[in-house]
Amino acid sequence: MKTTLDRWTKEDGITNSASLSFHALIGIPSLLLFTLFIGSIFLKQQLLQAAILTDVSVFAGDVAIEALNTLFTQLSVSSPSNFGIVFSFLIYLWSAGNIFFQIKKLINKMWGLTPSNKHWLHQFFHTRLSALIGALAFGIIVSVSTLFEMIFFVISDALQAAFSVSVNSIQYASFGINFLTLILLFMYLFRILPDATMDIKYVFMGSLLTVLLLTLGKYVIGIYLSYSSITTVYGTIGSILVVLLWIYMSSIIVTFMIVFMGVYADYDSHMRGKVL
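Under numbering that gives the first Met the number 0, think of the first position of the sequence shown as 0, with each following residue one higher.
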């Protein structure tokens with residue numbers, strides 16, 4: 000961890016995290032809307048909206064929740080033409096893909112990867128395609144995760160009656176599924192997006208620690224808000240500050256774990272070389 004911290008500092012991790020935070024802040028609304036587009040294929044849009052609001056409510060204030068509710072309401076009221084739906088889908092996909100495009104650039108930079116010698120047009124389409132697939136994967140993962148939560152909720156009574164399963168056990172199982180889906184998402188980001196493929200065991204370890212730290216950070220902010228009056232005293236500004244803090248903290252975790260995987264791979268290769 001000390002080597003990781005030293006390298007993260009040397010790679011200007013604070014600035015990289017701020018850059019990632021900015022692109023995330025710009026792209027998150029499009030990513031949420033794109034997720035609703037994808038989710039509506041599998042689920043009712045209202046169910047997916049409720050799941051998103053539940054996750055966001057852990058660290059966001061009432062003002063931010065109300066803003067999301069207003070956005071979702073406008074989406075439900077509007078009924079665009081088929082052309083409008085297709086055009087909106089493409090715009091949301093492109094905007095949401097920008098987040099994953101920036102993550103790809105950041106991983107390449109922090110791992111010291113040099114651009115490939117392939118034709119610039121091929122490189123452009125390959126880079127953009129992997130980012131767009133990342134956006135699609137995110138939308139599908141959120142939808143499937145919500146679907147599993149619904150299934151657990153529907154069959155919870157039957158499970159309790161048949162196997163004497165407690166409500167807490169069902170909630171833990173639902174949390175476990177969400178946790179695993181997030182790990183799969185980060186494994187995609189760290190394994191597929193970069194221009195070099197890292198060994199799966201380093202990717203898995205980095206993804207696992209990333210999700211652990213992000214989950215811990217989310218609940219730490221939730222606990223802080225339960226004992227703090229920042230959102231009630233400062234109103235809209237307080238809610239915005241909390242959201243910005245969460246995005247920035249998440250970006251720091253992601254950039255730190257990107258460096259950690261590189262350090263872990265170098266260390267493991269060095270130790271295996273000594274044994275051989």
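Note that CB positions come from ideal geometry on N, CA and C, so glycine has one too.
In terms of residues, what are the limits of the alpha helix (DSSP H) holding ASP5?
-> 1-9
Quick check: the segment 246-262 against the segment 212-221, are there 3 or more CB pairs under 8 angstroms?
-> yes
Excluding the five sequence neighbours on either side, which residues of its own chain have a C-beta within less than 6 angstroms of the C-beta of ASN97, listed in chain order?
-> GLY26
Helix, strand or coil for LEU243, going by three-state DSSP, please let me know.
-> helix
Cα-Cα separation, ASP267 to LEU211 | 22 angstroms
Contact belief for ASP194 with ASN107 at Cβ below 8 angstroms, rounded distance in angstroms | 6 angstroms
Would you mind stating whether PHE259 and THR14 have Cβ atoms separated by less than 9 angstroms?
-> no
Could you tell me whether the Cβ atoms of SER18 and GLN101 are closer together than 9 angstroms?
-> yes
Where LEU212 sits in the DSSP three-state scheme | helix
Enumerate in chain order the residues of its own chain whose CB-to-CB distance from LEU181 is below 6 angstroms, with the five nearest sequence positions on each side excluded.
-> VAL210
Please state whether DSSP places LEU181 in a helix, a strand or coil.
-> helix
Sort ALA264, GLY175 and TYR187 by Cα distance to PHE99 and report the nearest one.
-> TYR187
How big is the Cα-Cα spacing for ARG6 and ASP265?
-> 12 angstroms
Just the Cα atoms here: how many angstroms apart are LYS104 and LYS200?
-> 22 angstroms
For LEU105, which of helix, strand or coil comes out of DSSP?
-> helix
Sequence-distant residues of its chain with Cβ nearer than 7 angstroms to MET0 (five each side left out) | none
Confirm the yes/no value for this check: CB of TYR218, any heavy atom of the ligand GTP, distance under 8 angstroms.
-> No copy of the ligand GTP occurs in the structure displayed, which carries no ligand at all.
Exposure of TYR263, with buried meaning 16 or more beta-carbon neighbours within 10 Å = buried
If we count the other Cβ atoms within 10 Å of its Cβ and call it buried at 16 or more, is LEU243 buried or exposed?
-> exposed
Excluding sequence positions up to five away, which residues of its chain have a Cβ less than 8 angstroms from the Cβ of MET202?
-> In the sequence as displayed, the identity of residue 202 is Val instead of Met. The answer, listed in chain order, is MET186, PHE189, ARG190 and MET260.
Length of the line joining the Cα atoms of MET204 and THR196 | 15 angstroms
May I ask you to report which of helix, strand or coil DSSP gives SER80?
-> Note that SER80 scores a pLDDT of 49, beneath 50, so its modelled location is shaky; the value from the coordinates is reported in the next line. SER80: coil per DSSP, three-state reduction.
Nearest-angstrom Cα distance between ALA23 and ALA172?
-> 29 angstroms
Would DSSP call THR254 helix, strand or coil?
-> helix
Is DSSP giving MET204 helix, strand or coil here?
-> helix
Report the three-state DSSP secondary structure of VAL274 (helix, strand or coil).
-> Low per-residue confidence applies at VAL274: pLDDT is 42, beneath 50, and the placement is therefore not dependable enough to give any value.
Sub-9 angstroms separation of ILE246 and SER20 beta-carbons | yes
Three-way DSSP call (helix, strand, coil) for TRP110 in this model = coil
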